[in-house]
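S.K.:
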Amino acid sequence: MSGVPRLSIGLPVYNGEQYLSEALDALLGQSYADFELIISDNASTDGTADICRRYAAQDPRIRYVRQSHNIGAAPNHNFVFVQARGELFKWASHDDLYARDLLRRCVEALDENPHMVLAHAWHAIVDGAGTVTETFDYRLATDSPHAPERFRSLLFAAGGDDFYGVVRSDVLRLVAPHDSYHHADRTIVAEIALQGPFHQVPELLYFRRDHPDRAERANPTKRTRCANMDPRRTDRLRHPTVRLLAEYVWGFATAIRHTSLSPSDRRQCYRYLLQWLASRALPRPPHPTEDQPSPVLDQLSHTVDAVVPGRQGRTS
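Be aware that the sequence shown starts at 196, since it is given in this note's numbering, and climbs by one per residue.
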């Protein structure tokens with residue numbers, strides 16, 4: 196591949212043979228083609244390496260790297276970004292699906308809105324067969340022109356998949372690397388949001404797959420999730436659960452401290468963080484904290500096979 200691609204996609208993977216080919220077909224079949232795909236295989240023990248090598252031999256946009264040992268999911272996420280050359284960057288999951296216009300619409304949104312730092316699209320949940328099981332309204336105020344309001348929304352209204360959006364690389368370089376404490380991806384998104392507003396493409400273009408082997412389900416406890424992110428977290432003496440949670444809170448505080456904010460905005464963000472901490476000590480509210488299922492989207496006749504490259508002719 197000649198020249199520097201505008202967009203870099205980083206795909207960290209470990210033992211992903213079951214769904215990897217579908218994800219690669221969806222990414223390589225995008226209507227936006229000016230990208231490189233960096234795959235970092237975390238010393239997989241299944242057929243992942245063979246799949247990656249086969250695709251890399253067929254498409255020069257792929258750069259395949261195999262780690263000598265399992266370095267953990269968090270360092271693997273950081274690795275693919277360090278390798279990135281594009282002015283835009285996107286993390287991609289090896290088991291999710293992507294509509295053919297996802298990248299194009301996100302890149303167009305950033306081009307049309309220079310003040311926006313990240314773009315993503317509406318998402319739905321699909322099962323192992325790729326059948327849509329749930330769609331959602333995006334209710335976070337990440338498009339607000341006010342940094343404290345964006346930060347508050349991300350604290351109090353969990354949901355969204357902005358971690359997998361297209362972000363400006365120079366902005367992401369200002370953000371702390373992916374850590375391995377509980378919910379470290381949320382602190383990354385919060386720190387990006389402090390840098391600038393997000394854009395949500397009002398189209399259903401991203402399909403997050405929920406299946407028994409997905410990392411969140413395969414590692415059901417805070418301890419096992421953190422150990423999956425970094426094997427060193429298995430040491431209970433050095434990494435007790437209270438530390439994993441404290442680092443999570445500290446990640447938000449560090450994001451506020453490291454971002455260039457006005458004194459008043461910084462104080463407001465700290466106030467929101469304290470309010471959030473206080474709310475966590477109280478009984479959980481009866482209303483759900485995840486994105487709300489959307490009856491409007493549920494009525495749309497989107498089918499994965501119609502919009503995701505590589506799935507034409509499949510039965511859902």
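Backbone N, C-alpha and C fix where the C-beta goes; we use that ideal spot for every residue, glycine too.
(1) What are the partner residues of T330, as DSSP defines its beta bridges?
(2) H482: buried (16+ other C-beta within 10 angstroms of its C-beta) or exposed?
(3) Could you pull out every residue in the same chain whose Cβ sits closer than 7 Å to the Cβ of D357, ignoring the five residues on either side in sequence?
(4) For F346, collect the residues of the same chain with a Cβ closer than 7 Å to its Cβ; drop the 5 residues on either side in sequence, then sort them by chain order.
(5) Using only CA atoms, which one of D291, V302 and P207 lies nearest to A319?
(6) From L219, V199 and D374, pick the residue whose C-alpha is nearest to that of D229; which is it?
(7) Would you check if the distance between the CB atom of D365 and the CB atom of E442 is smaller than 8 Å?
(8) Hey, out of G325, W286 and R256, whose CA is closest to V502's CA?
(9) Does DSSP put H289 in a helix, a strand or coil?
(10) For N265, tell me which candidate among A473, S474, M424 and L440 has the shortest Cα-Cα distance.
(11) Given a cut-off of 8 Å, decide if V208 and H272 are closer than it, judged by their beta-carbon atoms.
(12) Use the C-beta contact count for P270: other C-beta atoms within 10 angstroms, 16 or more gives buried, fewer gives exposed.
(13) Measure the C-alpha to C-alpha separation of I234 and L477 and round it to an integer number of angstroms.
(14) Count the other CB atoms, across all protein chains shown, that sit within 10 Å of the CB of T510; report buried if there are 16 or more and exposed otherwise.
(15) If we count the other Cβ atoms within 10 Å of its Cβ and call it buried at 16 or more, is V275 buried or exposed?
(16) With the cut-off set at 8 Å, would you say L400 and A294 are in Cβ contact?
(17) On a CA-only basis, which of Y227, E212, S455 and A379 is nearest W445? Give me that one, please.
(18) Quick one: using the 10 Å Cβ neighbour count with 16 as the cut-off for buried, is S474 buried or exposed?
(19) Given that a residue counts as buried once 16 or more other Cβ atoms are within 10 Å of its Cβ, and exposed if not, what is L472?
M.R.: In short, the structure shows the following:
(1) DSSP lists A319 as partners of T330.
(2) A caution first: H482 carries a pLDDT of 48, below 50, which makes its placement in the model unreliable, though a value can still be read off. In summary, H482 is exposed, with fewer than 16 beta-carbon neighbours lying within 10 Å of its beta-carbon over all protein chains present.
(3) Excluding the 5 residues flanking it on each side, D357 has same chain C-beta neighbours closer than 7 Å at L313, H315, T337, V384 and F393, in chain order.
(4) A385, A388, L389, C464 and Y467, listed in sequence order.
(5) Closest option to A319, Cα to Cα, is D291.
(6) Distance check between D229 and each of L219, V199 and D374 places V199 closest, using alpha-carbon atoms only.
(7) At a Cβ-Cβ threshold of 8 Å, D365 and E442 do not count as neighbours.
(8) Per the Cα distances, G325.
(9) Residue state, collapsed to three classes: coil.
(10) If you compare the alpha carbons of A473, S474, M424 and L440 with that of N265, the shortest gap goes to M424.
(11) Their beta carbons are not under 8 Å apart, which means H272 does not touch V208 by this criterion.
(12) So P270 ends up on the buried side.
(13) Rounded to whole angstroms, I234 and L477 show a C-alpha spacing of 42 Å.
(14) Any reading at T510 needs caution, since the residue's pLDDT is 48, under 50, leaving its predicted position unreliable; the model's value is listed next. Exposed: under 16 other Cβ atoms inside 10 Å.
(15) Counting other Cβ atoms within 10 Å of its Cβ, V275 reaches 16 or more and is therefore classed as buried.
(16) Remark: C-beta atoms of L400 and A294 approach each other more closely than 8 Å.
(17) Of Y227, E212, S455 and A379, the residue nearest in Cα terms is A379.
(18) So S474 counts as exposed.
(19) L472 should be labelled exposed.
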